[in-house]
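Chemist:
Numbering (our numbering), first residue to last: 2 to 297.
(1) Give a yes or no on whether the C-beta atoms belonging to residue 167 and residue 205 are separated by under 8 Å.
(2) Does the stretch 19-32 come into contact with the stretch 108-123, if we say contact requires no fewer than three beta-carbon pairs (one atom in each stretch) closer than 8 Å?
(3) For the alpha helix (DSSP H) that contains residue 212, what are its first and last residues?
(4) At 3 residues or longer, and completely inside the stretch 104-141: list those beta strand (DSSP E) runs for me, N to C.
(5) For residue 20, name the three-state secondary structure that DSSP assigns.
(6) With a 10 Å radius around its C-beta and 16 neighbouring C-beta atoms as the bar for buried, classify residue 148 as buried or exposed.
(7) Residue 36 by DSSP, collapsed to three states: which one?
(8) Out of 274, 183, 243 and 72, state which residue places its alpha-carbon closest to the alpha-carbon of residue 112.
(9) Take residue 203 as the anchor and find which of 237, 233, 245 and 175 has the nearest alpha-carbon.
(10) Considering only the alpha carbon of each residue, which of 154, 76 and 159 lies closest to residue 45?
(11) In this structure, how does DSSP classify residue 230 when only helix, strand and coil are distinguished?
(12) Between residue 154 and residue 268, how many whole angstroms is the CB-CB distance? I'm expecting something under 8 Å.
(13) Tell me residue 267's beta-bridge partners as DSSP assigns them.
(14) Check whether the Cβ atoms of residue 64 and residue 207 lie closer than 8 Å to each other.
(15) Under 8 Å between the Cβ atoms of residue 143 and residue 136?
(16) Exposed or buried, residue 163, counting other C-beta atoms within 10 Å across all chains shown (16 or more means buried)?
(17) Can you give me the start and stop residues for the alpha helix (DSSP H) that residue 204 sits inside?
(18) Going by beta carbon distance, what residues of the same chain come within less than 7 Å of residue 297, once the five residues before and after it are set aside?
(19) What are the boundary residues of the alpha helix (DSSP H) that residue 248 is part of?
(20) Contact defined as beta carbons within less than 8 Å: I believe residue 169 pairs with residue 77. What is the distance between those atoms, to the nearest angstrom?
(21) Would you call the stretch 234-254 in contact with the stretch 270-283, where contact means no fewer than 3 C-beta pairs closer than 8 Å?
(22) If we ignore side chains and look at the alpha-carbon of each, how far apart do residue 132 and residue 141 end up?
(23) Excluding the five sequence neighbours on either side, which residues of its own chain have a C-beta within less than 7 Å of the C-beta of residue 285, listed in chain order?
(24) Near residue 226, which residues of its chain fall below 7 Å by C-beta distance, leaving aside the five closest residues on each side in sequence?
(25) Starting from residue 66, trace the alpha helix (DSSP H) in both directions and tell me its first and last residue.
(26) In chain order, what residues of the same chain lie with their CB nearer than 6 Å to the CB of residue 218, ignoring the 5 residues before and after it?
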């Protein structure tokens with residue numbers, strides 16, 4: 002027990018120092034300032050080349066999404082995620098120790114060319130995320146958390162990072178074992194992380210981008226607008242699940258782009274009663290579950 006308490010303490014102090022250094026000491030490998038820079042760049046592009054001309058630069062829920070962006074990528078780790086994940090990793094390693102195993106690395110990639118490591122990590126992580134994303138739409142309990150992301154009514158770059166903090170735990174938990182088995186560990190390569198963040202910003206931006214023939218490989222705003230469309234094809238829980246890559250949707254038959262969808266209404270049925278503030282949105286799934294259990 003003392004070991005786990007120390008892990009929690011180290012996680013809090015370590016992450017606080019990391020966050021302080023991220024903010025105070027900009028560098029090329031500093032994610033905080035990369036996020037700021039990417040956000041300003043895509044926002045500027047939205048202002049200069051808006052796809053939906055009537056949508057304001059400070060669109061509906063602009064500041065709410067901005068807060069989600071910093072909460073999910075920085076504050077949540079300080080509050081809980083860093084400590085929880087470190088405890089989970091140590092507990093998992095202790096569990097392996099019961100069977101005399103030190104790790105589950107099945108494929109050592111450290112001797113491979115760096116670009117091959119990047120490509121493998123990127124493609125594998127994206128495929129895992131595509132499957133998790135599909136599950137978030139398919140299973141009602143998970144959908145209650147994912148509703149937060151789909152409560153966006155006007156698309157803009159920061160809508161990319163409006164999501165419930167439980168999604169971080171779900172995505173990272175599912176990713177951990179496959180990535181650990183090929184020696185990647187918990188920390189993504191910095192370049193891959195920056196690239197996927199940039200594509201995610203663009204997917205949600207008020208920009209008309211298709212990437213031409215590359216649309217069959219990379220997700221884009223015209224494809225992703227239909228993922229957020231309020232009206233889905235009959236019998237579907239969702240479409241266009243790709244986060245960075247669109248190829249999985251074309252391969253598995255979940256791609257859906259009937260037209261450009263420029264002014265397509267966004268959201269889901271029952272949006273009118275969905276909470277509007279940050280705190281009410283992040284507590285909503287738990288309150289819903291409590292009410293369902295009470296009514297049963």
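Ideal placement from N, C-alpha and C gives every residue a C-beta, glycine not left out.
Modeler: Considering the structure as presented:
(1) Taking the first residue of the chain shown as 1, we reach residue 167 at position 166. Taking the first residue of the chain shown as 1, we reach residue 205 at position 204. No; because the gap between Cβ atoms is not below 8 Å, this pair is not in contact.
(2) no
(3) Here residue 212 is taken as the residue at index 211 of the chain shown, counted from 1. Segment: none, residue 212 is in no alpha helix (DSSP H) and carries neither H nor E.
(4) none
(5) Here residue 20 corresponds to residue number 19 of the chain shown, with the count starting at 1. In the structure shown, residue 20 sits in a helix (DSSP, three-state: H, G or I).
(6) Reading the chain shown from its first residue, position 147 is the one you call residue 148. Buried, since its Cβ has 16 or more Cβ neighbours within 10 Å.
(7) Counted from its first residue, the chain shown places residue 36 at position 35. If DSSP states are grouped into helix, strand and coil, residue 36 belongs with the helices.
(8) As a working note, residue 112 is residue 111 in the chain shown. Per the Cα distances, 183.
(9) By 1-based counting over the chain shown, the position of residue 203 is 202. Out of 237, 233, 245 and 175, 245 has the C-alpha closest to the C-alpha of residue 203.
(10) Counting from 1 along the chain shown, the entry for residue 45 is found at position 44. Per the Cα distances, 159.
(11) Taking the first residue of the chain shown as 1, we reach residue 230 at position 229. Strand, per DSSP.
(12) For the purposes of this step, residue 154 is taken as residue 153 along the chain shown, with counting starting at 1. For the purposes of this step, residue 268 is taken as residue 267 along the chain shown, with counting starting at 1. Confirmed, about 6 Å.
(13) For the purposes of this step, residue 267 is identified with residue 266 of the chain shown, where counting begins at 1. Note: residue 267 sits in a beta bridge opposite 230.
(14) Position 63 of the chain shown, counted from the first residue, corresponds to residue 64. Position 206 of the chain shown, counted from the first residue, corresponds to residue 207. Taking 8 Å as the Cβ cut-off, residue 64 and residue 207 do not qualify as a contacting pair.
(15) The residue given as residue 143 occupies position 142 in the chain shown. The residue given as residue 136 occupies position 135 in the chain shown. Cβ atoms of residue 143 and residue 136: closer than 8 Å.
(16) Locating residue 163 in the chain shown gives position 162, where the first residue counts as 1. Looking at its Cβ environment, which holds 16 or more other Cβ atoms inside 10 Å, residue 163 is buried.
(17) Here residue 204 corresponds to residue number 203 of the chain shown, with the count starting at 1. Residues 191-205.
(18) Taking the chain shown and counting its residues from 1, one reaches residue 297 at position 296. Reliability fails at residue 297, whose pLDDT of 45 lies under 50, so the model's placement of it is uncertain and the value that follows must be treated cautiously. Closer than 7 Å at Cβ, skipping near neighbours: no residue.
(19) Here the question's residue 248 lines up with position 247 in the chain shown. Segment 248-252, the alpha helix (DSSP H) holding residue 248.
(20) Start at 1 with the first residue of the chain shown, and residue 169 comes out as number 168. Start at 1 with the first residue of the chain shown, and residue 77 comes out as number 76. Their Cβ separation, rounded to whole angstroms, is 7 Å, which keeps residue 169 and residue 77 in contact under 8 Å.
(21) no
(22) As a first step, residue 132 must be located in the chain shown, where it is residue number 131. As a first step, residue 141 must be located in the chain shown, where it is residue number 140. For residue 132 and residue 141, the distance between alpha carbons rounds to 15 Å.
(23) Here residue 285 refers to the residue found at position 284 of the chain shown. So the qualifying residues of the chain are 276.
(24) Position 225 of the chain shown, counting from 1, holds the residue named residue 226. Excluding positions up to five away in sequence, the list reads 156, 262 and 265.
(25) For the purposes of this step, residue 66 is taken as residue 65 along the chain shown, with counting starting at 1. 63-71 is the span of the alpha helix (DSSP H), which, as asked, contains residue 66.
(26) Here residue 218 corresponds to residue number 217 of the chain shown, with the count starting at 1. Here the set comprises 248.
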